[in-house]
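Letter by letter, the sequence shown follows residues -7 to 110 in this note's numbering. Beta carbons are placed, not taken as given, at the ideal position from N, Cα and C, and that holds for glycine. Please read these numbers as outputs of a predicted model, since none were measured by experiment. A quick write-up on the structure given underneath.
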Amino acid sequence: MNPSHKRLILAAGLGLLLLAGCDNAVRAKRHAAFIVRGDAASALYPVAVARDSENVSITLKDAAPTPQVFSIDAAGHATQFNATINGHVLMVPAKFERLELRHAGATPVTIVDGDTVK
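Printed below as a string of structure tokens:
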């Protein structure tokens, strides 16, 4: 094989690897792990938490009340967070590190994006 062809093939291969690396760097997280903290017996303790594109779906128990959702920052300050509910599934934007589900009379539950835990 001609040495210039070898260099061309090598350069093309390296270019593809670089392109694949850049694609993975800018792609949204697809397989985030979430950590749920709180009393598993609480009515607010979710059945499942999963990333769905740019949102996170939080599946609540059948008997769960509709909670208020708060984003908790690193200093511990709570800010009410927008969520939509469809049946027993809360949809929240995946722009949080830590969420807290609250409802009067129920033990609060915290959901942490496992990718942000150090």
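Problem - For Asp31, the three-state DSSP class (helix, strand or coil) - result: coil
Practice task
Taking Phe88 as part of the beta strand (DSSP E), name the residues at either end of that continuous run.
Solution key: Note, Phe88: premise wrong, no beta strand (DSSP E); not H, not E.
Exercise for the section: Assuming Asp31 and Thr99 form a contact by the criterion Cβ under 8 Å, report the distance between their Cβ atoms to the nearest whole angstrom. Expected result: 5 Å
Practice task
Specify whether the region 66 to 82 and the region -6 to 10 touch according to this definition: at least 3 beta carbon pairs, one from each stretch, less than 8 Å apart.
Solution key: no
Handout entry: Contacting residues, own chain, Cβ-Cβ under 7 Å from Asn16 (five flanking each side not counted)
Key = Annotation note: pLDDT 48 at Asn16 (below 50); position unreliable, coordinate value reported separately. Contacts found: none.
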